[in-house]
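J.:
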């Protein structure tokens, strides 16, 4: 076609934009629950195999009212927090040391590389032999699960610390410990938080495994026990609580991160 | 204090063991309260010289001395960096405070000192902001305040305004001169900008391209306090032309090699 | 974890099986069992051809624990189950999946050592003698809701204690429980033979009591799936083979005279068959066979008692009427139909 014409420019990249679709998000989740409830109501799936959402909620309410739920939750949270504190603390310390000091790096790197791929669940029987069947072995397996992502992420965070900032700190008279405390650790904080989030998932996984043996309380125990006695509604309550714990820990860590790493978010 | 750079050489060794001379036989002096600019083309080793003076790099040969009266606990140098090098997790106030912390100053003393230099650098009202919330010019004010706060014998400035846009740079230069008039510290100011060097310095040390040698030291005979109007004065133009004459061939050679 | 996986797999399998064609008349009867001495009547029935005699071809399917047998039965993957009665089984029926307890498959019975209460040697030497002395102690069992859990609770109640007076430590597997006793991580354990014998012969444990002497009960039964129970003729035929095997078993190994074992003519054969199927050494098998009724008749009242106990202790929501879970008509019909030798 030749001659003069007037063409309005179209937004050709419209399909590339990704709106949030908030309503759709809620609807998807609600839809799942509704379909689930409907399936159990109609009786296509026996309640034994898939307890109804209403049944699960009722059971959850009863367990909360009797205080049973909080006994389990308390026991699990205690193990999780202790394991997190021990594994996280050790992971950050080892990550900082190996990331900063070349000798520690030479010693620590091969050790971590060799032990990291071991599935921590496989170590559980050994931990029980070493630490007994009480709380220490349960906390230790969670701590081990948290340790590695923390150590590896902290190491990466330390290595990524801006050398210019380190130089600046030294130029203003900082010694090695001051550099570590005031430059290296804050630089590594975002990576440390990424490690914490990874560790949280691993910790929940290991919690269930740890509570398999010689536990008489805890959410993991609740799930296993309910499975053992075929109380599938209680089993589902445990699974729902585990999933809530996962969501909650992620959210809590994100909040902590916003507080601890304000320069990244404002 | 007086700084004496005594036949300083620096050779880098790369991973393959190849040696690369950065500085050869540099000798210069900075008198008390003097403003000396070190000027040279890119890659002439200006920053290396500053790093050795600050004690952040070892010299291969020669030495740097500081001579004269020094107060108890006074640091020899403080550095203002081209890329600001502010700690992103510290507020303006806490960044300025950093050097004082490392010197072990008491909290009240730090507070008083920080307030003085925040005022001197025009950062009032921004004390609690974080670096990423500030413009480039404001950030470098923080860098300058941080360096001045420790009251160094010599202030080392490594192309402090080259990351700023032209307008901001001009304003900051004027402001730095104002601050210097009040603080009266010796300054070693590294730059590759001839106009900047002539406008600010008492003397301009001109370095050759790599390996860096002192080509000449050009005294600037302009009255202080300086102002923009002086840029048209014959003394200014003359100094500028003289320096350009020294480095023009150097710069052309660098351009041909694709390194400029 | 394994149990949960089993449950999920069972659910999937059920969905698949539901769509397949109805069972053929001459199909094998799938029997789920554990490789334990208490399964001896089943092994005898297969080995001696007692089932075949009545036109039944059984296929033994072996499991690691009792609860998954109940699950497999509920999902129609098994026709018959022969194992311990656990809280899981009751809860499956309570959850609406019908199955039937039809015959005796082993009892805890005075004079027939099965489950032993074993305490640490040191504690025994320190004067621990009675069940009452277990107060405040850590007692290892396999899982909560298992037959051992039930038995422990009932034994404690005999002396006025309850489960709350001890610390029950679930250790998942029997070997783990024996290791825990060895490592002094628990003070006592409740385990079936041969574990108590091993603990005592190695010196770290002392058998305090045989639990069956303190509280006799119907620990194991034969279950029918809903589908198999509905095939009346085959279900009765299977039971006829089972009754015949039970009598053979009883006469060979269970007869006692003046409180002492009086082995029958076929004793060694039963030991050999049992050893073959359980893959255990004959001397271990000879330690003892669990008691069961000569005709495979159930202790029906005990089933009711069990449900009441599980309910009181929070493992079941409510009890199931006996009519809804026990059906003795198969064993009664078979016992009459099988002639004595």
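Residue numbers (the working numbering), protein chains in the order written: chain V, 35 to 300; chain A, 56 to 315; chain U, 80 to 420. Glycine included, C-beta positions come from ideal geometry on N, C-alpha and C.
#1: Mind checking residue 195 of chain A: buried by the 16 CB within 10 Å criterion, or exposed?
#2: Around the Cβ of residue 143 of chain U, are there at least 16 other Cβ atoms within 10 angstroms (buried) or fewer (exposed)?
#3: Suppose the cutoff is 7 Å on Cβ atoms and the five residues either side in sequence are ignored; what does the same chain contact list for residue 305 of chain U look like?
#4: Using only CA atoms, which one of U/355, U/119, U/173 and U/224 lies nearest to residue 161 of chain U?
#5: Quick one, are the C-beta atoms of residue 85 of chain A and residue 197 of chain A less than 8 Å apart?
#6: Beta-carbon within less than 6 Å of residue 138 of chain V's beta-carbon, same chain only, minus the 5 sequence neighbours each way: which residues are those?
#7: Are the CB atoms of residue 227 of chain A and residue 219 of chain A nearer to each other than 8 Å?
#8: Rounding to the nearest angstrom, what Cα-Cα distance links residue 274 of chain U and residue 398 of chain U in this structure?
#9: Please give the ranges of any alpha helix (DSSP H) in the segment 262-295 of chain V, keeping only runs that are unbroken, at least 4 residues long and fully inside the region.
#10: Would you kindly work out how many angstroms separate the C-alpha atoms of residue 123 of chain U and residue 400 of chain U, rounded to a whole number?
#11: Which residue marks the beginning of the beta strand (DSSP E) containing residue 75 of chain A, and which one marks its end?
#12: Just to confirm the assignment, what range does the alpha helix (DSSP H) spanning residue 229 of chain U have?
#13: With the cut-off set at 8 Å, would you say residue 371 of chain A and residue 301 of chain A are in Cβ contact?
#14: In its own chain, which residues sit with a C-beta less than 7 Å from the C-beta of residue 161 of chain V, not counting the 5 before and 5 after it?
#15: DSSP puts residue 138 of chain U in a beta bridge; with which residues?
#16: Considering only the alpha carbon of each residue, which of V/248, V/229, V/254 and V/224 lies closest to residue 238 of chain V?
#17: Is the beta carbon of residue 97 of chain A sitting closer than 8 Å to the one on residue 293 of chain A?
#18: Between residue 193 of chain V and chain A, is the shortest Cβ-Cβ distance under 8 Å, so that the two count as touching?
#19: Can you tell me which of the three DSSP states residue 370 of chain U falls into?
#20: Can you give me the C-alpha to C-alpha distance between residue 181 of chain A and residue 191 of chain A, rounded to a whole angstrom?
#21: Which complete alpha helix (DSSP H) runs does the segment 302-385 of chain U hold, if anything under 4 residues is left out?
#22: Give me the chain U residues within the contact set of residue 270 of chain V, using Cβ-Cβ distance strictly less than 7 Å, ordered along the chain.
#23: Using a C-beta to C-beta distance shorter than 8 Å, which residues of chain V count as neighbours of residue 325 of chain A?
#24: The alpha helix (DSSP H) spanning residue 167 of chain U covers which residue range?
#25: Taking Cβ to Cβ, would you say residue 108 of chain U is nearer than 8 Å to residue 317 of chain U?
#26: DSSP on residue 187 of chain U, reduced to helix/strand/coil?
#27: Please report the residue range of the beta strand (DSSP E) in which residue 175 of chain A lies.
#28: From the DSSP output, in three-state form, read off residue 221 of chain U for me.
#29: Using a 10 Å radius around the Cβ and a threshold of 16 neighbouring Cβ atoms, would you call residue 195 of chain U buried or exposed?
#30: Might you give, ordered along the chain, the residues of its own chain that have their beta carbon closer than 6 Å to the beta carbon of residue 197 of chain U, omitting 5 neighbours on each side?
#31: Starting from the C-beta of residue 93 of chain U, find all residues in its chain whose C-beta is less than 6 Å away, skip the five residues before and the five after it, and write them out in chain order.
#32: Determine, using beta-carbon pairs with one atom in the segment 149-159 of chain A and one in the segment 112-123 of chain A, whether at least three such pairs fall under 8 Å.
#33: Is there a C-beta anywhere in chain U that falls below 8 Å from the one on residue 41 of chain V?
#34: Anything in chain U within Cβ reach of residue 266 of chain V, meaning under 7 Å, just list it in chain order.
#35: For the beta strand (DSSP E) containing residue 121 of chain A, list its first residue and its last residue.
#36: Give the interface partners of residue 205 of chain A over in chain V, defined as CB-CB distance under 7 Å, in chain order.
T.: So, to answer that:
#1: Counting Cβ neighbours within 10 Å, residue 195 of chain A comes out buried, since at least 16 surround it.
#2: Counting the other CB atoms within 10 Å of its CB gives residue 143 of chain U a total below 16, which places it among the exposed residues.
#3: Only 177 and 178 meet the Cβ criterion.
#4: Ranking U/355, U/119, U/173 and U/224 by Cα distance to residue 161 of chain U puts U/119 first.
#5: No, the pair does not count as a contact, with Cβ atoms beyond the cut-off.
#6: Result list for residue 138 of chain V: 131 and 132, in chain order.
#7: It is a contact, given that the beta carbons lie within the stated cut-off.
#8: When the Cα atoms are used, residue 274 of chain U and residue 398 of chain U turn out to be separated by approximately 33 Å.
#9: Entirely contained in the segment 262-295 of chain V, the alpha helix (DSSP H) runs reaching 4 residues are, in chain order, 266-294.
#10: Those two C-alpha atoms are separated by around 33 Å.
#11: 74-85 is the span of the beta strand (DSSP E), which, as asked, contains residue 75 of chain A.
#12: Residues 226-237.
#13: This structure does not reach residue 371 of chain A, given that chain A is present from 56 up to 315, and the question cannot be answered.
#14: Take residue 161 of chain V, set aside five residues on each side of it, and the residues of its chain with a beta-carbon closer than 7 Å to its own are 171, 174 and 175, in chain order.
#15: Residue pairing of residue 138 of chain U in beta bridges, as defined by DSSP: U/109.
#16: Nearest C-alpha to residue 238 of chain V: V/254.
#17: Their beta carbons are not under 8 Å apart, which means residue 97 of chain A does not touch residue 293 of chain A by this criterion.
#18: By this cut-off, residue 193 of chain V is not an interface position.
#19: Three-state DSSP puts residue 370 of chain U in a strand.
#20: Cα-Cα distance, rounded: 14 Å.
#21: Listed in chain order, they are 305-309, 311-328, 346-357 and 361-364.
#22: Per Cβ cutoff of 7 Å: no residues; residue 270 of chain V is ~11 Å from chain U at best.
#23: Because residue 325 of chain A is not part of the residues shown, which for chain A are 56 to 315, the question remains open.
#24: For residue 167 of chain U, the enclosing alpha helix (DSSP H) stretches over residues 166-173.
#25: Going by C-beta atoms, residue 108 of chain U is nearer than 8 Å to residue 317 of chain U.
#26: Of the three classes helix, strand and coil, the one that applies to residue 187 of chain U here is strand, per DSSP.
#27: Under the DSSP assignment, residue 175 of chain A falls outside any beta strand (DSSP E), being part of the alpha helix (DSSP H) whose first and last residues are 162-175.
#28: Coil at residue 221 of chain U, not helix or strand.
#29: Classification of residue 195 of chain U: buried, given that the 10 Å Cβ count is 16 or more.
#30: Only residues of its own chain outside the window of five on either side were considered, and among them 268, 275, 278, 284 and 286 have a CB closer than 6 Å to the CB of residue 197 of chain U, listed in chain order.
#31: Note that residue 93 of chain U has pLDDT 48, beneath the 50 cutoff, so the model's placement of it is unreliable and the number below is only indicative. Cβ within range, chain order: 154.
#32: Contact between the segment 149-159 of chain A and the segment 112-123 of chain A is absent, because fewer than three Cβ pairs lie under 8 Å.
#33: Judged by the 8 Å Cβ criterion, residue 41 of chain V is not in contact with chain U.
#34: Within chain U, the residues near residue 266 of chain V are 174.
#35: Residue 121 of chain A -> beta strand (DSSP E) spans 116-122.
#36: Those are 206, listed as they occur along chain V.
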